[in-house]
Amino acid sequence: MLSTGAPFDWASVDVAVPRPSGRLPGISMAGFSHRAPAPADIAMVAHPSVTLLFDLGEGEGIVYDTHGRHERGSVVVGLVPGDLRATGRGVDECLQIRLDPVAAAAVLGASAELSGTMVSLEDVWGRDAGRAEDRLRAAASWDERFTIAGEILGRRLGARPPVDPEVAHVWRRTLTGRGRVRVDGLADEVGWSRKRLWSRFRSQLGITPKRAARLVRFDHAAHLLAAGHAAAGVATESGYVDQSHLHREVKAFAGLTPTAVAVAPWLAIDDVAWPASSPTRSPATAGERILR
Numbered sequence: 001m002l003s004t005g006a007p008f009d010w011a012s013v014d015v016a017v018p019r020p021s022g023r024l025p026g027i028s029m030a031g032f033s034h035r036a037p038a039p040a041d042i043a044m045v046a047h048p049s050v051t052l053l054f055d056l057g058e059g060e061g062i063v064y065d066t067h068g069r070h071e072r073g074s075v076v077v078g079l080v081p082g083d084l085r086a087t088g089r090g091v092d093e094c095l096q097i098r099l100d101p102v103a104a105a106a107v108l109g110a111s112a113e114l115s116g117t118m119v120s121l122e123d124v125w126g127r128d129a130g131r132a133e134d135r136l137r138a139a140a141s142w143d144e145r146f147t148i149a150g151e152i153l154g155r156r157l158g159a160r161p162p163v164d165p166e167v168a169h170v171w172r173r174t175l176t177g178r179g180r181v182r183v184d185g186l187a188d189e190v191g192w193s194r195k196r197l198w199s200r201f202r203s204q205l206g207i208t209p210k211r212a213a214r215l216v217r218f219d220h221a222a223h224l225l226a227a228g229h230a231a232a233g234v235a236t237e238s239g240y241v242d243q244s245h246l247h248r249e250v251k252a253f254a255g256l257t258p259t260a261v262a263v264a265p266w267l268a269i270d271d272v273a274w275p276a277s278s279p280t281r282s283p284a285t286a287g288e289r290i291l292r
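Quick note: the sequence shown, position 282, residue 282 per the UniProt record's numbering, numbers continuous.
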């Protein structure tokens, strides 16, 4: 659900994004600095990625809450975590890293176990989590932080065997098809039976092919809603049977109505922080500064 307090003010947030030359395949990053003295309270909307959230502030820290579970500090959010809120006070800094499920399987080595959950990064990386956090916090600029994060993630990408190429292909096709794909057809493309694809995809990425397609389709629809498109047109463009079908899927993935998703603060910054995920790309509005 959305916050019952005052609407979250993105004008109090500075946004930093890495230079294109520093990006890794399947991985995107953005840095957020929240300067307002009043508490921040924002509902997060499901996205087709596993998310690392590094808490780099010096204050009380950011608290994450989902289904009664509370975590403070740096966390890993699995695919489709359900209702998730982030709250903080004072000057907070956070590095958010989105890993597509294929990259997450290599970087975390536990993506299947993370689906639908939120855990402390230390629970996944052990002592390496604290060392990474210390390096990132000590960096003099967001550019330096992005470089450090890229080095850490790059090493982990090469340290574990990749997922099956067939699984990676099916994920890419699901993403490029915006979720409007048939599992049987994808199985035929890679020369596997439907049962084998279902099993391998689920064990390696932590989600079934059908649910992955639903999540990707929801994400596209959510961004269309946030861009101001009417629900009826979004339902048609996104491949839903009708507007009621769209309503049910948005409710299932976000716990919100399409009307509420259209004004969700979590999506309002995507054109700046995550332009590749947005159906429209617009320049930063007043109060939103892209830092380097």
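Cβ coordinates follow ideal geometry from the N, Cα and C atoms, glycine included.
Alpha helix (DSSP H) segment containing Leu225, residue limits:
Looking at the DSSP string, the run of the alpha helix (DSSP H) that includes Leu225 is 209 to 226.
So, with DSSP's three-state summary, where would you put residue 379?
Any question about residue 379 goes unanswered here, given that the chain covers just 1 to 292.
Determine the direct distance from the alpha carbon of Pro162 to that of Arg98, and round the result to whole angstroms.
The alpha-carbon of Arg98 is positioned some 18 Å away from that of Pro162.
Relative to the C-alpha of Gly206, which candidate in Arg173, Ser33, Val80, Ser193 has its C-alpha closest?
Of the candidates Arg173, Ser33, Val80, Ser193, the one whose C-alpha sits nearest the C-alpha of Gly206 is Val80.
Cutoff 8 Å; reference Ala276; Cβ partners in own chain excluding five residues on either side:
Taken in chain order, the residues that qualify are Ser28.
Within 8 Å, do at least three Cβ pairs link the segment 177 to 187 to the segment 197 to 214?
They touch, by the three-pair rule.
May I have the straight-line CA-CA distance separating Pro7 from Ala168, to the nearest angstrom?
Summary for Pro7: the model assigns pLDDT 49, below 50, so the residue's position carries little reliability; its value from the coordinates is reported in the next sentence. Near 39 Å, if we compare the C-alpha coordinates of Ala168 and Pro7.
For Pro25, the nearest candidate out of Ser244, Leu157, Arg69 (CA to CA)
Comparing Cα positions, the closest option is Leu157.
Local Cβ density within 10 Å of His47, reported as buried at 16 or more and exposed below that:
Buried, because 16 or more other Cβ atoms sit within 10 Å of the Cβ of His47.
So, does the segment 69 to 80 touch the segment 168 to 177, judging by three or more C-beta pairs under 8 Å?
Counting C-beta pairs closer than 8 Å gives fewer than three between the segment 69 to 80 and the segment 168 to 177, which falls short of the contact rule.
Pair within 8 Å by beta-carbon distance, Ala222 and Val263:
Against a cut-off of 8 Å, the Cβ pair of Val263 and Ala222 comes out as no contact.
Given a threshold of 16 other Cβ atoms within 10 Å of its Cβ, counted over all protein chains shown, does Thr257 qualify as buried or as exposed?
Counting C-beta atoms within 10 angstroms of its own C-beta, Thr257 has fewer than 16 neighbours from the protein chains shown and is therefore classed as exposed.
Just curious, the beta strand (DSSP E) that residue 319 is in, first and last residue?
With the chain represented from 1 up to 292, any question about residue 319 goes unanswered, as that position is not in the structure.
Please list, in chain order, all residues of the same chain as Val119 whose beta carbon is under 6 Å from its beta carbon, the five residues on each side excluded.
So the list reads Val76, once near-sequence residues are dropped.
My assumption, with CB atoms under 8 Å, is that Pro18 sits in contact with Phe146. Please give the rounded CB distance.
Indeed they touch by this definition, with Cβ atoms about 4 Å apart.
Euclidean distance between Cα positions of Leu108 and Val234:
One C-alpha to the other measures close to 34 Å.
Specify, as a first and last residue, the run of the alpha helix (DSSP H) that Thr174 falls within.
165 to 176 is the extent of the alpha helix (DSSP H) around Thr174.
Identify the residues that DSSP records as bridge partners of His70: which are they?
Partner(s): Asp65.
Considering Cα atoms alone, identify which of Ala252, Ser33, Gly179 is closest to Gly239.
Closest by alpha carbon: Gly179.
Proximity below 8 Å, CB of residue 306 to CB of Ile62
Within the shown structure, residues of the chain are numbered from 1 to 292, placing residue 306 beyond reach of any answer.
Tell me, to the nearest whole angstrom, how far the beta carbon of Gly150 is from that of Glu93; I am working on the premise that it is less than 8 Å.
For Gly150 against Glu93, the beta-carbon gap comes to about 18 Å, at or over 8 Å, which does not count as contact.
Should Glu144 go down as buried or exposed, given a rule of 16 or more other Cβ atoms within 10 Å for buried?
That one is exposed.
Measuring straight from C-alpha to C-alpha, what distance separates residue 293 and Gln243?
In the structure displayed, the chain extends from 1 to 292; residue 293 sits before or after that span and is not available.
Taking the C-alpha atoms as reference points, what is the distance between Leu291 and His220?
Any reading at Leu291 must be qualified, since the residue scores a pLDDT of 41, below 50, and its modelled position is unreliable; the value itself is stated next. Looking at the two C-alpha atoms, the distance is approximately 27 Å.
Can you round the beta-carbon distance between Ser49 and Ala129 to whole angstroms, since I take them to be within the 8 Å contact cut?
Your pair Ser49 and Ala129 does not check out as a contact, with CB atoms roughly 19 Å apart and the cut at 8 Å.
Report the residue from Val250, Gln204, His229 whose alpha carbon sits nearest the alpha carbon of Val216.
Checked all of Val250, Gln204, His229; the closest Cα to Val216 is Val250.
For Ile42, which of helix, strand or coil comes out of DSSP?
Note: Ile42 maps to strand in three-state DSSP.
In its own chain, which residues sit with a C-beta less than 6 Å from the C-beta of Ser282, not counting the 5 before and 5 after it?
The pLDDT assigned to Ser282 is 40, lower than 50, so where the model puts this residue is not dependable, and the model offers no usable value.
Limits of the unbroken alpha helix (DSSP H) element including Leu186
Per DSSP, Leu186 is one residue of the alpha helix (DSSP H) stretching across 183 to 190.
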